[in-house]
Each structure stands twice: as C-alpha cells, then as structure tokens.
Amino acid sequence: MQTLATTARYSDADVFIESVHNCRAAYVVSGRGDFQARLALARIDDLHLGLITETLARRAVLSFPPDRLFFRLVAAQDRPKLRDGIEDQPGTVSVGPGTAGVEDVTEGPAISRSLSLPMATVLARAEVMFDEPPPFLFSRTTPLRPPPALLATLTAMHRNLIRMAIAWPRTSLPHHRVAAMNAALWNLLTELLVTDAPVRQTRYMRRGQAAMRTVVDYIRAHEDRPITLTELCMVAGYSAKGLETLFLRCVGETPNRYLRRWRLWRAREALSAADPATATVSEIAVACGFWELGRFAGRYRRLFGESPSRTLMRVPRSPADLSRRPSAKTA
C-alpha cells in the first residue's frame, strides 16, 4: 500500500491553488480581507482525499481528470456553494466524473470535502452491485441524500483517513489499520450507492436547473460570436424577466453579466496559454467574442487586476499562471 499526504496553511491564493492535486484552476478572490486557506491532501493507493477550508468568497473555474469519479461531501452544517449555477445542498453527496470548466463559487468562508477513485475501479465494483451502472455515476449535477448517520460516518471516515495518512511518516501505525479503514470506506460508499437515490426536486427546481444547464452549455458552445438576451430566452424557454430572475437566484448576476464574465475567463485561459511571439491580444479577444477592444481591456483589468497584454507576456508560462490572484473588484 502506498500513502502520500500533506497539510499546509496558506495566506497567498496563488501558492494555495497551485498546491491542489487532481485539479487545474483559474481563481479569483472576490471577498475583502486577508486570505487564509488550509489544505489537507492524502493519497492511499488509488484513493485520493481532499479537505480544504477557505476564509474569503471567491470564484473559480476548475478542471478535473476525466478518468476519475469524484464524491463531494456536503455536511449538514456546511455553508452553501454554487457549482455551475446549482447550489450544493447541505446533507448531500454529489457524485460524478471529472470534467473541465466547472464554475465553483463561494459567498464567504467555505469547506470542501472530496474523494476520488479511478472510474474503472468504481465501475468494476458497480457491476457486482447493479445490473448496470446507475446513471448518477455519470452526472455531475445529481446529488444523493444519504441518511444523516451515514453521511456523518462517511465524513468522519474521510477526515480520519486524511489524518492517518498525514501521521503515517511520524508514527508506527500498523499498515493493516490503514488497509482496514480503506476497506471500511469502500463499504460506506457501497452503502451510499445501494441505499440512496437522487434528491427529490420540485418541478420548478428541475425546470430551473435544466434551463440553467441549457443556457450555460449554449454560451460555451457559441463563445466566438455575439449572443443576445433574446436568443438566450429562446434557448431556455423563459421570458427576459424570468431568465434574469433565474440567473440572479442561481449565480447572483444577470445573464448578460454572466456571459461577459465567462468570456473574460476564456480570454484569460487563451492569453495564458498563447505564445506572445505569434499571438496578439486583439486576435484572442475577437476569438472569445469581444469586438470593442477598449471595453474588453478595461473589463479584463477590473476582473483580473492586470491588462490582457501583461497576461499574454507573463513568463514562465504554465497552467499555474491561471491562478494569479487579481483585484477583488468584479467586471
């Protein structure tokens, strides 16, 4: 059995986000005050666990490896977060494969608990438990609501496994005890998948979530051309007022503002990945749906705290550059 673990506290958002494994992130701190975060990570064979606490509100666009299945634990006392405009519900477990471009938003101090396993390993076990793998294993928006006692036990097991892995280099903890706790965790996950079903939602909630997903997917699929509010209303099947109300409830901003901010994020990704010897700010701005370059530069600076040309010219160029901490102002 192979174990690897680390724990650290951070006062710099850049260093913090570069330390998270199994994830690439573009990260903007939106809250005011001193940034503080604590990160505890553990790997026990193929099992990866993470426990993160943050003190300030922030927005992030996250990308996870697609060959792993992720379990996101939301305890009853946790503050709500938004994932792609859908609120994490306290007392639930969200299950789904790793995906790219997940928008994760907090509105204050937050805690994140996650564990992941290779998809092939989970599917092999699912073949024993089910006639066919349950569809919620492949949906990143479907939460499960286990019995409170099961979730509490699962959360405690998650915490204890991380602590055990961190303590391993400094103690004489028997190796078989780690294996036993790992097996116990598998038993809890099995019970979770066998005994639970997706959280029941009202017709209103289902319609709103489906509309949000449709609009967000449409925005991402047509990022290089103008999109009007009327067009988004037709896609969602909502009136202008209804769509605005839906967006304000789900992501805290209007559809047009969401569209603009998403394109600014895409521009930042493209600028950070481009070769400054062959690419220009103007070309990248137009490719991301901005045609008034003066307004683009101003909005970019307000959101990220630097000019587009500075992002393009920054060296060294690596995925970690996407996590530079910008101003707390918004676009």
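When you read off a place in the sequence shown, starting at 1, and then add 1, the result is the number in my numbering.
The beta-carbon is built from N, C-alpha and C at its ideal position, and this holds for glycine as well.
Remember, it's a predicted structure, so these values are computed and weren't measured experimentally.
Cβ separation of residue i and residue j, assumed to be a contact under 8 angstroms, to the nearest whole Å
i: L5; j: V21; result: Incorrect: roughly 14 angstroms between the Cβ atoms, too far for contact.
i: W169; j: I220; result: Wrong, their Cβ atoms sit about 45 angstroms apart, outside the cutoff.
i: V103; j: R84; result: 6 angstroms
i: L63; j: V30; result: Contact flag wrong, Cβ pair sits at about 15 angstroms.
i: Y239; j: L249; result: 13 angstroms between Cβ atoms; not a contact.
i: I45; j: A222; result: About 39 angstroms separates the two Cβ atoms, so there is no contact after all.
Straight-line gap, residue i to residue j (C-alpha atoms, nearest Å)
i: L230; j: R69; result: 36 angstroms
i: A274; j: T154; result: 43 angstroms
i: R269; j: P148; result: 42 angstroms
i: T279; j: S308; result: 18 angstroms
i: L313; j: A26; result: 18 angstroms
i: F17; j: T93; result: 26 angstroms
i: T331; j: R60; result: Low confidence applies here, because T331 scores a pLDDT of 36, under 50, leaving its location unreliable; read the following figure in that light. Distance between the alpha carbons of T331 and R60: 10 angstroms.
i: L233; j: S117; result: 35 angstroms
i: A198; j: P98; result: Annotation note: pLDDT 49 at A198 (below 50); position unreliable, no value reported.
i: Y11; j: A43; result: 17 angstroms
i: R318; j: A185; result: With a pLDDT of only 43 at R318, under 50, the local geometry of the prediction cannot be trusted, and the value read off the model is given with reservation. Their backbone Cα atoms lie some 43 angstroms apart in a straight line.
i: R141; j: R214; result: Residue placement at R141 is poorly supported in this model, since its pLDDT is 49, which falls under 50; the coordinates are not used for a value here.
Nearest neighbour of residue i, chosen from the options [CA to CA]
i: A14; options: S95, C24 and Y28; result: Y28
i: R146; options: D46, T107, E192 and D105; result: E192
i: L265; options: S117, N23, L304 and G51; result: L304
i: Y259; options: D276, L189 and E224; result: E224
i: R114; options: R300, R267, M158 and R261; result: M158
i: L190; options: G238, E254, T54 and L48; result: L48
i: L162; options: R315, M120, L50 and P277; result: L50
i: P106; options: G99, R267, G86 and V96; result: Correcting the residue type first, residue 106 is Val in the shown sequence and not Pro. Considering only alpha carbons, the answer is G86.
i: P67; options: T54, G109 and C24; result: C24
i: T54; options: G97, I112, S12 and F71; result: I112
i: G290; options: Y301, L42 and I228; result: I228
i: V217; options: A181, P256 and A298; result: P256
i: L152; options: P110, G209, A181 and Q90; result: Q90
Span of the beta strand (DSSP E) around residue i
i: G51; result: L48 to E55
i: A38; result: A38 to I45
i: T231; result: First-last for T231: L230 to A237, but that is the alpha helix (DSSP H), not the beta strand (DSSP E).
i: T107; result: V103 to T107
i: A286; result: Segment V282 to A288 is the alpha helix (DSSP H) holding A286; no beta strand (DSSP E) there.
i: P119; result: A111 to P119
i: A14; result: First-last for A14: A14 to E19, but that is the alpha helix (DSSP H), not the beta strand (DSSP E).
i: P98; result: T93 to P98
Unbroken alpha helix (DSSP H) run spanning residue i, endpoints
i: A77; result: Note, A77: premise wrong, no alpha helix (DSSP H); not H, not E.
i: R261; result: P256 to A274
i: T156; result: P149 to A168
i: G299; result: L294 to F305
Taking one C-beta from the region 28-43 and one from the region 234-252 each time, how about it: are there three or more such pairs within less than 8 angstroms?
No: fewer than three Cβ pairs fall under 8 angstroms.
Touching by the beta-carbon criterion (3+ pairs, under 8 angstroms), the region 278-297 and the region 72-88
With a cut-off of 8 angstroms, the region 72-88 and the region 278-297 do not count as touching, because too few Cβ pairs lie within range.
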